[in-house]
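Visitor:
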Amino acid sequence: MMTIDNYKFAGKKAIVRVDFNVPLDENGKIADDTRIRGAVPTLKHILAEGGALIIMSHMGKPKGKPAAKYSLGQIKDAVAAALGVPEVKFAPDCAKAKEAADALKAGEVLLLENLRFYPEEEGKPVGIDKEDPAYEAAKKEMKARQKDFAKVLASYADCYVMDAFGTAHRKHASTAVIADYFDADNKMLGYLMEKEVKAVDSVLSDIKRPFIAIMGGSKVSSKIGIIENLLGKVDKLILCGGMTYTFAKAHGGEIGESIVEMDKLDVALGVEELAKKNGVELVMAPDAIIADNFANDANTKVAPSNAIPAGWQGLDAGPEAQKRFAEAIKGCKTILWNGPAGVFEFDNFCGGSRAIGMAIAEATANGAFSLIGGGDSVACVNKFGLADKVSYISTGGGALLEAIEGKVLPGIAAIKGE
Ligand code: AMP
Numbered sequence: 552m553m554t555i556d557n558y559k560f561a562g563k564k565a566i567v568r569v570d571f572n573v574p575l576d577e578n579g580k581i582a583d584d585t586r587i588r589g590a591v592p593t594l595k596h597i598l599a600e601g602g603a604l605i606i607m608s609h610m611g612k613p614k615g616k617p618a619a620k621y622s623l624g625q626i627k628d629a630v631a632a633a634l635g636v637p638e639v640k641f642a643p644d645c646a647k648a649k650e651a652a653d654a655l656k657a658g659e660v661l662l663l664e665n666l667r668f669y670p671e672e673e674g675k676p677v678g679i680d681k682e683d684p685a686y687e688a689a690k691k692e693m694k695a696r697q698k699d700f701a702k703v704l705a706s707y708a709d710c711y712v713m714d715a716f717g718t719a720h721r722k723h724a725s726t727a728v729i730a731d732y733f734d735a736d737n738k739m740l741g742y743l744m745e746k747e748v749k750a751v752d753s754v755l756s757d758i759k760r761p762f763i764a765i766m767g768g769s770k771v772s773s774k775i776g777i778i779e780n781l782l783g784k785v786d787k788l789i790l791c792g793g794m795t796y797t798f799a800k801a802h803g804g805e806i807g808e809s810i811v812e813m814d815k816l817d818v819a820l821g822v823e824e825l826a827k828k829n830g831v832e833l834v835m836a837p838d839a840i841i842a843d844n845f846a847n848d849a850n851t852k853v854a855p856s857n858a859i860p861a862g863w864q865g866l867d868a869g870p871e872a873q874k875r876f877a878e879a880i881k882g883c884k885t886i887l888w889n890g891p892a893g894v895f896e897f898d899n900f901c902g903g904s905r906a907i908g909m910a911i912a913e914a915t916a917n918g919a920f921s922l923i924g925g926g927d928s929v930a931c932v933n934k935f936g937l938a939d940k941v942s943y944i945s946t947g948g949g950a951l952l953e954a955i956e957g958k959v960l961p962g963i964a965a966i967k968g969e
């Protein structure tokens, strides 16, 4: 397999798939540039070796149509600053950038407009229901269009570099299909991909025990696959955040207006059963900080997670829960954290996530390997100033979890020719 260190970029044009899906604030300013910083080593290396760069990415979910608020034009200057170049040229239509790409000289950078302004990028038919009898035909047609779209992107460059770990679990035009249009010597993984794959390996091969996973976030349904998978690997599992109340409800608890998935009560009970069967210590919040409104300035009090009065909702882990989480994390040697323990975006409901972050930092100082993944947990770690106190911060959420599940990511398989 070709590697970025072995490839001779001098005089070549490289098209690089990065993950610049950064959060923007209401003024279009970048709220967290972790993902841009993540891609910098690959991009700078290519420029330093005398190559020209064509950078492509998606941002947000424009659903196959141009939308100004998702334009990558907004981050052009930030990319130039991150790369230390005077200018980043911008191609306002990613599928019509041949001329701009041809004109690129060594050391120059061209950023393509958001790939997802075209439905071909994701390759899913739009405006047609899955139940529609015509769906299969539409899907086939879109797959053909996806290939054409990938071929156009490939025509801009001499080589392809895949460095978007955050989307490596998707078989999209720019993350996987495009690789078919380059021979094995002209496609490779970037440094970020190499680093992320290594971090997953350090968790999975030679696991130092005890191994704890902390899974939070809003719902159990979106994480059930990884939760079940982790139950075969970890010694302890903390389940926190909004999913707490689906578990409490499954046992007949009172949860007031807390977030709940009524159709997943049996799933929650199944998780508990599997944990017991596998001898995994399951840690959940016995108490909650409850609020009379979904707002930072709501009135609050502490209540058992299964005795929340009507009109109130659990928005964070309570003080006893925070203590138990910290205790469970203490002394662990491998730690995986994905998803917050509460509505951490509100300062008054970030205590549970902070307690987890601090305990992870302490365990890391005592020799644990800690891996933090998923936009929200990464935002937590940054918010609490703990970024340099954990072992590795992944730029991937879904991709990280799929890699930990042991799935082969399409973005990697495409490069390896699998
Ligand atoms: P997810 O996208 O499923 O990983 O969930 C992340 C989101 O879960 C964050 O935006 C949190 O604000 C939210 N969240 C965490 N705990 C709660 C809770 N108790 N009630 C409502 N939302 C929550």
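Numbering (our numbering), first residue to last: 552 to 969.
Quick reminder that beta carbons are idealized off the backbone N, C-alpha and C, glycines included.
With a 10 Å radius around its C-beta and 16 neighbouring C-beta atoms as the bar for buried, classify Y796 as buried or exposed.
Guide: Position 245 of the sequence shown holds residue 796. With 16 or more other Cβ atoms within 10 Å, it is buried.
Visitor: Considering Cα atoms alone, identify which of A705, Y707, T726 and G635 is closest to A715.
Guide: For this step, residue 715 is matched to residue 164 along the sequence shown. Measuring from the Cα of A715, the nearest candidate turns out to be T726.
Visitor: If you pair each beta-carbon of the segment 553 to 568 with each one of the segment 593 to 600, do three or more pairs fall below 8 Å?
Guide: Short answer: they touch.
Visitor: Should I810 be listed as close to ligand 1, given that the test is whether its C-beta is under 6 Å from any heavy atom?
Guide: Looking up residue 810 in the sequence shown gives position 259. I810: yes, Cβ under 6 Å from ligand 1.
Visitor: I'd like to know if the segment 909 to 918 and the segment 816 to 824 are in contact, where contact means that at least 3 CB-CB pairs between them fall below 8 Å.
Guide: Flag = no, the segment 909 to 918 and the segment 816 to 824 do not touch.
Visitor: Given L887, which residues of its chain have a CB within under 6 Å of its CB, disregarding the five upstream and five downstream residues?
Guide: Locating residue 887 in the sequence shown gives position 336, where the first residue counts as 1. Correct list, in chain order: A764 and L922.
Visitor: I729 to Y711, Cα distance in whole Å?
Guide: Stepping through the sequence shown from its first residue, residue 729 is reached at position 178. Stepping through the sequence shown from its first residue, residue 711 is reached at position 160. Spanning the two alpha carbons is a distance of roughly 8 Å.
Visitor: In three-state DSSP terms, what is T554?
Guide: As a working note, residue 554 is residue 3 in the sequence shown. Three-state DSSP puts T554 in coil, outside helix and strand.
Visitor: Could you tell me the distance, in whole angstroms, from the CA atom of F935 to the CA atom of S769?
Guide: In the sequence shown, counting from the first residue as 1, residue 935 sits at position 384. In the sequence shown, counting from the first residue as 1, residue 769 sits at position 218. Between F935 and S769, the C-alpha separation is close to 20 Å.
Visitor: Give the range of the alpha helix (DSSP H) segment to which V712 is assigned.
Guide: Position 161 of the sequence shown, counting from 1, holds the residue named residue 712. That residue, V712, is in no alpha helix (DSSP H); its beta strand (DSSP E) goes C710 to M713.
Visitor: Taking 6 Å as the cut-off, is the beta-carbon of K770 closer than that to any non-hydrogen atom of ligand 1?
Guide: Position 219 of the sequence shown, counted from the first residue, corresponds to residue 770. Yes, the beta carbon of K770 sits closer than 6 Å to at least one heavy atom of ligand 1.
Visitor: May I ask you to list the residues that DSSP assigns as paired with P855?
Guide: Here residue 855 refers to the residue found at position 304 of the sequence shown. Answer by DSSP bridge pairing, in chain order: D838.
Visitor: Where do the N-terminal and C-terminal ends of the beta strand (DSSP E) with N889 fall, by residue?
Guide: Sequence index remark: in the sequence shown, residue 889 carries index 338 (1-based). Unbroken beta strand (DSSP E) run through N889: T885 to N889.
Visitor: Under 6 Å: does the beta carbon of P761 sit that close to some heavy atom of ligand 1?
Guide: Taking the first residue of the sequence shown as 1, we reach residue 761 at position 210. Outside the cutoff, so no.
Visitor: Along the beta strand (DSSP E) that carries S921, what are the first and last residues, could you check?
Guide: Position 370 of the sequence shown, counting from 1, holds the residue named residue 921. Residues F920 to I923.
Visitor: So the beta strand (DSSP E) L661 belongs to, where does it begin and stop?
Guide: Walking along the sequence shown from the start, residue 661 turns up at place 110. Per DSSP, L661 belongs to the beta strand (DSSP E) from V660 to L663.
Visitor: Tell me, please, which residues DSSP counts as bridged to I605.
Guide: Walking along the sequence shown from the start, residue 605 turns up at place 54. Per DSSP, I566 and L661.
Visitor: For D939, which residues from the same chain have a beta carbon less than 8 Å from its beta carbon, with the 5 sequence-adjacent residues on both sides left out?
Guide: Residue 939 sits at position 388 when you count from the first residue of the sequence shown. The answer is none, since no qualifying residue turns up.
Visitor: Starting from the C-beta of L951, find all residues in its chain whose C-beta is less than 6 Å away, skip the five residues before and the five after it, and write them out in chain order.
Guide: For the purposes of this step, residue 951 is taken as the residue at position 400 of the sequence shown. Here the set comprises G924 and S945.
Visitor: Would you be able to state if there are at least three C-beta pairs under 8 Å between the segment 851 to 871 and the segment 799 to 808?
Guide: Because the criterion of three Cβ pairs below 8 Å is met, the segment 799 to 808 and the segment 851 to 871 touch.
Visitor: Could you name the residues of the same chain whose beta carbon sits closer than 6 Å to that of P617, not counting the 5 residues immediately before and after it, in chain order?
Guide: Position 66 of the sequence shown, counting from 1, holds the residue named residue 617. Closer than 6 Å at Cβ, skipping near neighbours: F668.
Visitor: What residue range does the alpha helix (DSSP H) around D817 cover?
Guide: Taking the sequence shown and counting its residues from 1, one reaches residue 817 at position 266. Per DSSP, D817 belongs to the alpha helix (DSSP H) from L816 to N829.
Visitor: Considering only DSSP beta bridges, list what K738 is partnered with.
Guide: Taking the first residue of the sequence shown as position 1, residue 738 is located at position 187. BP columns for K738 point to Y711.
Visitor: For A877, I'd like the list of residues in its chain whose CB is within less than 6 Å of its CB, leaving aside the five on either flank, ordered along the chain.
Guide: Along the sequence shown, one-based indexing puts residue 877 at 326. So the qualifying residues of the chain are A906 and A910.
Visitor: Classify N889: buried if its beta carbon has 16 or more other beta carbons within 10 angstroms, exposed otherwise.
Guide: Taking the first residue of the sequence shown as position 1, residue 889 is located at position 338. N889 is buried by the Cβ-count criterion.
Visitor: On a CA-only basis, which of V751, F798, A930 and G658 is nearest P637? Give me that one, please.
Guide: Walking along the sequence shown from the start, residue 637 turns up at place 86. Selected option, being the one with the closest Cα: G658.
Visitor: With 16 other CB atoms within 10 Å as the buried threshold, where does D757 fall?
Guide: Translated into positions along the sequence shown, residue 757 becomes position 206. Under this definition D757 is an exposed residue.
Visitor: Any heavy atom of ligand 1 within a distance shorter than 6 Å of the CB on L743?
Guide: Against the sequence shown, residue 743 aligns to sequence position 192. Not under cutoff, so the answer is no.
Visitor: If we count the other Cβ atoms within 10 Å of its Cβ and call it buried at 16 or more, is R760 buried or exposed?
Guide: In the sequence shown, residue 760 corresponds to position 209, counting from 1. It is exposed - the Cβ of R760 has fewer than 16 other Cβ atoms within 10 Å.
Visitor: What does the alpha-carbon distance come out to for the pair N899 and A930?
Guide: Working through the sequence shown from its first residue, we reach residue 899 at position 348. Working through the sequence shown from its first residue, we reach residue 930 at position 379. Those two C-alpha atoms are separated by around 16 Å.
Visitor: What is the DSSP secondary structure of I758, counted as helix, strand or coil?
Guide: Taking the first residue of the sequence shown as 1, we reach residue 758 at position 207. Here I758 sits in coil by DSSP.
Visitor: Reducing DSSP to helix, strand and coil, say where Y943 ends up.
Guide: Position 392 of the sequence shown, counted from the first residue, corresponds to residue 943. Residue state, collapsed to three classes: strand.
Visitor: Thinking A836 and G793 are a contact (beta carbons under 8 Å), I'd like their distance in whole angstroms, please.
Guide: The sequence position of residue 836 within the sequence shown is 285, counting from 1. The sequence position of residue 793 within the sequence shown is 242, counting from 1. Not confirmed; about 11 Å, so no contact.
Visitor: Let's see if you can read the secondary structure: which residues bound the alpha helix (DSSP H) around F798?
Guide: The count along the sequence shown starts at 1 and reaches residue 798 at position 247. Element bounds for F798: T795 to A801.
Visitor: Please list the terminal residues of the continuous alpha helix (DSSP H) segment that includes I789.
Guide: Walking along the sequence shown from the start, residue 789 turns up at place 238. Premise fails: I789 lies in the beta strand (DSSP E), K787 to L790, not in any alpha helix (DSSP H).
Visitor: What separation, rounded to the nearest whole angstrom, lies between the Cα atoms of A688 and G678?
Guide: Here residue 688 refers to the residue found at position 137 when the sequence shown is read from its first residue. Here residue 678 refers to the residue found at position 127 when the sequence shown is read from its first residue. If I take the Cα positions, the gap works out to 13 Å.
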